Structures are given as C-alpha cells and as structure tokens.
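Novice: First, the structure itself, so that you have it in front of you.
Protein chains: 2
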Amino acid sequence: MLDKRLQADCLYLHKMELCELLLMNDSRWPWLILVPRITDACEIHQLDKLNQKLLSRETNQISSILADICNCEKINTGALGNIVRQLHVHIVARNSGDTNWPGPVWGFGERQPYHQENLESLMHNIGKRLA
Amino acid sequence: MLDKRLQADCLYLHKMELCELLLMNDSRWPWLILVPRITDACEIHQLDKLNQKLLSRETNQISSILADICNCEKINTGALGNIVRQLHVHIVARNSGDTNWPGPVWGFGERQPYHQENLESLMHNIGKRLA
Chain A
93 MLDKRLQADC LYLHKMELCE LLLMNDSRWP WLILVPRITD ACEIHQLDKL NQKLLSRETN
153 QISSILADIC NCEKINTGAL GNIVRQLHVH IVARNSGDTN WPGPVWGFGE RQPYHQENLE
213 SLMHNIGKRL A
Chain B
93 MLDKRLQADC LYLHKMELCE LLLMNDSRWP WLILVPRITD ACEIHQLDKL NQKLLSRETN
153 QISSILADIC NCEKINTGAL GNIVRQLHVH IVARNSGDTN WPGPVWGFGE RQPYHQENLE
213 SLMHNIGKRL A
C-alpha cells in the first residue's frame, strides 16, 4: 500500500523485483523513486540482507538508466523519510544551474507538474530502457 | 587522496574494507561520511559490482551503528556530490525539531564544530562499535 503523499505526487512507472518505480511529477528535475514492497522497515539497514542487496542493485540500475537518458552532470540519491516514513529511495538527475543547484532537491519550493507531452516522452524513454 | 573540503570539514574515524569513515565536524547533527578508496567513479553506479555491494554493506552497517548510538528518529542517507565530486555517502542521524527538520542537512546554514568533550564522547562510542 503506497503512502498517500507518494501517490499524490508521483506517477507509476514499473514493477521491479523488490520495488515499485515511481516518477516524481515535478518537471524541475528528472526524479525517480524506488519503493520496496515491504512493510516492516523504514530504514534501509532494517531490511534483511537479501533485500538490502536487491535495493542496492535496483538503485544502481535506475541511477545508471537515468544518467544515460538525461545525460546529466550528477546523480543525487537519498533515503530521507523525515516526512513520508514508508521506505523509499530518491534518484534525481542534476545539472549546474538547475533549480536550487548545488543544493538538494528535497523540501525546495513548490512541485511543478510536467506538461503532458514532456511527461510522455520521459516515461517512454525510461520504459524502453526497462523493457 | 581525500578531497580538500572533506579534509577540512571532517575528522578521520576508521578504515573499513572499501571506505574511509569520517565524522563531519558539525555538532548540529551526528553525521558520518563514507569515502570509498577508489578514484575512477564519481557515481555509485559506476563502481564495479563487488564495490557496489561493499559500499551498500558498509553504508548499512554504519547506519545501523549510528541509529543505535544516537537512538534517533530517522537516518538520512545521501550521495549527492554536486560540490565535492569525490564519491562519498552521507549518513546522518535526525530527530524532530533538529536544525532544519524535516528538511535536509545539505547546504543548510553554517557548520558548527563540536566542543572537544562532545567530540571525544561521540568518537569513542562509534569506535567501540567498530572495534
């Protein structure tokens, strides 16, 4: 059961071995979120060893895909959960001069939803790489 | 060779299998940093598979220790590198009402170095868990 805030802010992309892959509907940065299908941990270190490995592998796989698609300067990954306690991992493509660069994306300003055409293009490109 | 900014802001704690473990000398939050001893990657997904696994394992080990020692409400982990490009992973203990809660620690305000006695106590407690 996905947290209501993640449901409201994100679009569903793909089912992976451990995680659901979401796209943050915020056009300021290409921003993906992995949400493990587990209910008994709100910290990565609380996962069992197998799920720790799977989460690491899926995080690295998605980071690599996002970096390739966006040809970005830097990937930012983070697991914070100060507001949404359901365990989730952020993977964000960053470039010099983007919103709040070189600061973090979390908690900055207001979300700016994608225009439909840009959204479809990004989702298509990610979907192709995951197929 | 450790980045000059990490050298200036951090204290050396421990040598792990893959990483050097540093303590950010900022008393606002208990904040550890893992720096892999590699020179050919500035993204986690660029590490070879073995080092990806080691970094995940060491990140989770240090997260667990920091959570235990600090009895904190939440661990925040992140790999940003927008300013310091040498690959490094942040592991931070967070609590409701701490500086900038529930926002992120990165880029917020000015670092506040520890008083010597608090520093020694924290370093002692971490060192005991790693021994």
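The listed protein sequences correspond, in order, to chains A and B. For the record, in the first sequence the residue sitting at position 8 is 100 according to this note's numbering, with numbers rising by one throughout. For the record, in the second sequence the residue sitting at position 51 is 143 according to this note's numbering, with numbers rising by one throughout. Where a beta carbon is used, it is the ideal one built from N, C-alpha and C, also for glycine. Nothing here was measured: the structure is a model prediction, and the numbers come from that model.
(1) What residue ranges within the stretch 140-217 of chain B form continuous beta strand (DSSP E) runs of no fewer than 3 residues, ordered along the chain?
(2) Please identify the residue among A:CYS162, A:GLY219 and A:VAL181 whose C-alpha is closest to the C-alpha of GLY173 (chain A).
(3) Starting from LEU98 (chain B), trace the alpha helix (DSSP H) in both directions and tell me its first and last residue.
(4) What are the start and end residues of the beta strand (DSSP E) that includes PRO128 (chain A)?
(5) Do GLN153 (chain A) and ASN152 (chain B) count as a contact pair if the criterion is CB distance below 8 Å?
(6) What do you reckon, are the CB atoms on ARG186 (chain B) and ASP118 (chain B) nearer than 8 Å?
(7) CA-CA distance, ASP101 (chain B) and LYS166 (chain A)?
(8) Give the straight-line distance between the Cα atoms of TRP123 (chain B) and MET215 (chain B), rounded to the nearest whole angstrom.
(9) Say whether chain B places a C-beta atom closer than 8 Å to the C-beta of ARG186 (chain A).
(10) Does chain A have any CB closer than 8 Å to the CB of GLU202 (chain B)?
(11) Can you tell me whether LEU222 (chain A) is helix, strand or coil according to DSSP?
(12) Taking the alpha-carbon positions, what's the MET116 (chain A) to CYS134 (chain B) distance?
(13) Give the DSSP bridge partners of MET116 (chain A), in chain order.
(14) If we ignore side chains and look at the alpha-carbon of each, how far apart do VAL197 (chain A) and GLN208 (chain B) end up?
(15) In angstroms with no decimal places, state the Cα-to-Cα distance between LEU114 (chain B) and LEU126 (chain B).
Specialist: Looking at the atomic coordinates:
(1) 166-171 and 181-186
(2) Your numbering for residue 173 (chain A) matches position 81 in the first sequence. Out of A:CYS162, A:GLY219 and A:VAL181, A:VAL181 has the C-alpha closest to the C-alpha of GLY173 (chain A).
(3) Within the second sequence, numbered from 1, the residue matching residue 98 (chain B) stands at position 6. Counting along the chain, the alpha helix (DSSP H) containing LEU98 (chain B) begins and ends at 96-101.
(4) Here residue 128 (chain A) is taken as the residue at index 36 of the first sequence, counted from 1. Run containing PRO128 (chain A): 123-128, per the beta strand (DSSP E) assignment.
(5) For the purposes of this step, residue 152 (chain B) is taken as the residue at position 60 of the second sequence. For the purposes of this step, residue 153 (chain A) is taken as the residue at position 61 of the first sequence. No, these two residues do not count as a Cβ contact at 8 Å.
(6) Locating residue 186 (chain B) in the second sequence gives position 94, counting from the first residue. Locating residue 118 (chain B) in the second sequence gives position 26, counting from the first residue. Contact flag unset, no.
(7) Counted from its first residue, the second sequence places residue 101 (chain B) at position 9. Counted from its first residue, the first sequence places residue 166 (chain A) at position 74. Between ASP101 (chain B) and LYS166 (chain A), the C-alpha separation is close to 22 Å.
(8) The count along the second sequence starts at 1 and reaches residue 123 (chain B) at position 31. The count along the second sequence starts at 1 and reaches residue 215 (chain B) at position 123. Their Cα atoms are separated by approximately 11 Å.
(9) In the first sequence, the residue the question calls residue 186 (chain A) occupies position 94. At least one chain B Cβ lies under 8 Å of ARG186 (chain A).
(10) The count along the second sequence starts at 1 and reaches residue 202 (chain B) at position 110. Using a Cβ-Cβ cut-off of 8 Å, GLU202 (chain B) does not count as an interface residue toward chain A, since no Cβ of chain A sits closer than that to its own.
(11) Against the first sequence, residue 222 (chain A) aligns to sequence position 130. In the structure shown, LEU222 (chain A) sits in a helix (DSSP, three-state: H, G or I).
(12) As a position in the first sequence, residue 116 (chain A) is number 24, starting the count at 1. As a position in the second sequence, residue 134 (chain B) is number 42, starting the count at 1. Roughly 24 Å between the two C-alpha positions.
(13) Taking the first residue of the first sequence as position 1, residue 116 (chain A) is located at position 24. MET116 (chain A) is bridged to A:CYS102.
(14) Within the first sequence, residue 197 (chain A) is the residue found at index 105, counting from 1. Within the second sequence, residue 208 (chain B) is the residue found at index 116, counting from 1. Rounded to whole angstroms, VAL197 (chain A) to GLN208 (chain B) spans 33 Å at the Cα level.
(15) The residue you call residue 114 (chain B) lines up with position 22 of the second sequence. The residue you call residue 126 (chain B) lines up with position 34 of the second sequence. Straight-line spacing of the CA atoms in LEU114 (chain B) and LEU126 (chain B) works out to 6 Å.
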